[in-house]
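Heads up: the sequence shown is residues 8 to 337, going by my numbering.
Ideal Cβ placement from N, Cα and C applies to all residues, glycine included.
Predicted model only: the values in this text are computed from it and were never measured.
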Amino acid sequence: MTFAIQEQQREAERLFSVLHKTNWTKDECDMLSPLTLQIQKLKKEKNAIILSHSYQTPDIMYGIADVVGDSYGLAKEAQRSTADTIVFCSVFFMGETAKLLNPNKTVLVPSRSGCSLAESITADDVKNLKKQYPGRPVVCYVNTSAAVKAESDISCTSGNALRVIESFPDDEIIFIPDMLMGKNLQKLTTKKLILWRGTCIVHEQFTKERVDAIRQQYPGVKILAHTECSAGVVDSVDLAGSTNDMLTFVKQTDATTLMLATECGLTDRVKTEYPEKNIVGVCSLCPYMKSIMLRDVLSALKNPSEEQVVSIPEAIFERARQSLEKMMTL
Ligand code: SF4
Numbered sequence: 008m009t010f011a012i013q014e015q016q017r018e019a020e021r022l023f024s025v026l027h028k029t030n031w032t033k034d035e036c037d038m039l040s041p042l043t044l045q046i047q048k049l050k051k052e053k054n055a056i057i058l059s060h061s062y063q064t065p066d067i068m069y070g071i072a073d074v075v076g077d078s079y080g081l082a083k084e085a086q087r088s089t090a091d092t093i094v095f096c097s098v099f100f101m102g103e104t105a106k107l108l109n110p111n112k113t114v115l116v117p118s119r120s121g122c123s124l125a126e127s128i129t130a131d132d133v134k135n136l137k138k139q140y141p142g143r144p145v146v147c148y149v150n151t152s153a154a155v156k157a158e159s160d161i162s163c164t165s166g167n168a169l170r171v172i173e174s175f176p177d178d179e180i181i182f183i184p185d186m187l188m189g190k191n192l193q194k195l196t197t198k199k200l201i202l203w204r205g206t207c208i209v210h211e212q213f214t215k216e217r218v219d220a221i222r223q224q225y226p227g228v229k230i231l232a233h234t235e236c237s238a239g240v241v242d243s244v245d246l247a248g249s250t251n252d253m254l255t256f257v258k259q260t261d262a263t264t265l266m267l268a269t270e271c272g273l274t275d276r277v278k279t280e281y282p283e284k285n286i287v288g289v290c291s292l293c294p295y296m297k298s299i300m301l302r303d304v305l306s307a308l309k310n311p312s313e314e315q316v317v318s319i320p321e322a323i324f325e326r327a328r329q330s331l332e333k334m335m336t337l
């Protein structure tokens, strides 16, 4: 048996030891192994780091990624890294965030995927809002384009949105673009939030009825939801928070039966990293996040196309960066 074949077999076994937890077969791992090996070798040659959002598929999260996390955490991880190139397996606006925080590094996105939230609002929409509500500060959720960030006073994540809103002395704040998250925040603040009509197509699918049905079916279940879900869902779960909040809850809880009202990638992470937990209910797939395949990562590393290289026009770069920096300072 040649060394190359032995190497592929070892890689297939490594993949299977992790991916079987999310029902991948040994045959599938055998097929993946030449590709993951090639990606790992190129990664070393090019001094690249591969970052994967928690909503990616398990072959990306556990087959090739150096770090798995949420968008903001990953962008900060990239700042700590000495790699010359960052391959960001996620939607395009997250690649932009990584570029804003790492201007001297090459940032690649395997696929230039959109996002229903980020695409719900443009820089012109923000300008119009500012005209309509003069003097009100604009807080934008990090799930927005660099152009939208450039028109906003400050960015926020789902984890720190309330703190960011409360940091302004003003009584009225423009909060964009997530309407459902905005409504959830409105219940927690005395400030009046002026909202936009954007929604995440993944999280808006969960309903209070679905949550109640799961509670009936699985007595003692703990239900966790992302704050991009509707108020009905957020009010009826055991924890509403960010991806990180949910993972922390899973780590700390004694409960063995859990439902995660979020994207299926996070469910896959919990199944893999906390195999003792029983995950019930149905998760929701993000078609934008799931558009990335291993072969896209390989092509980005080998010879990136113009589309795969993240570049941000000079005219907006500094203002967009400041919107993120202000949040980090806070
Ligand atoms: S889950 Fe998908 S649609 Fe929802 S905010 Fe994330 S990238 Fe956008």
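- Taking every residue with its beta carbon within less than 7 Å of a heavy atom belonging to the ligand SF4 gives, in chain order, Tyr62, Val98, Cys122, Ser123, Leu124, Ala125, Asn150, Cys207, Ile208, Val209, His210, Glu235, Glu270, Cys293, Tyr295, Met296.
- Straight-line measurement puts the Cα of Glu321 at about 21 Å from the Cα of Met335.
- For Leu124, no alpha helix (DSSP H) segment is defined, and its DSSP state is neither H nor E.
- Contiguous alpha helix (DSSP H) elements confined to the segment 46-106 occur at 65-70, 78-87, taking only those with 4 or more residues.
- A Cβ-Cβ separation of about 5 Å places Asp275 in contact with Pro65 under the 8 Å criterion.
- With three or more CB-CB distances shorter than 8 Å, the segment 114-125 counts as touching the segment 289-303.
- Taking C-beta atoms as the reference points, Val145 and Cys163 fail to come closer than 8 Å.
- For Ile183, the closest alpha carbon among the candidates Leu195, Lys199, Ser159 is that of Ser159.
- By the CB criterion at 8 Å, Ser97 and Ser78 fall inside the cutoff.
- For the 8 Å CB-CB criterion, Glu235 and Met266 do not form a contact.
- Within the same chain, Leu231, Leu246 come within 7 Å of Phe256 by CB-CB distance, once the 5 residues on both sides are set aside.
- Rounded to whole angstroms, Phe324 and Ala153 show a C-alpha spacing of 7 Å.
- Taking the Cα of Ala55 as reference, the smallest distance to any Cα among Pro41, Gln139, Met68, Ala85 is reached at Ala85.
- Under the DSSP definition of a beta bridge, Cys147 partners with Ser162, Ile183.
- Taking a cut-off of 8 Å for Cβ pairs, the segment 286-294 and the segment 212-228 touch, as three or more such pairs fall below it.
- The C-alpha of Lys48 is placed about 25 Å away from the C-alpha of Lys28.
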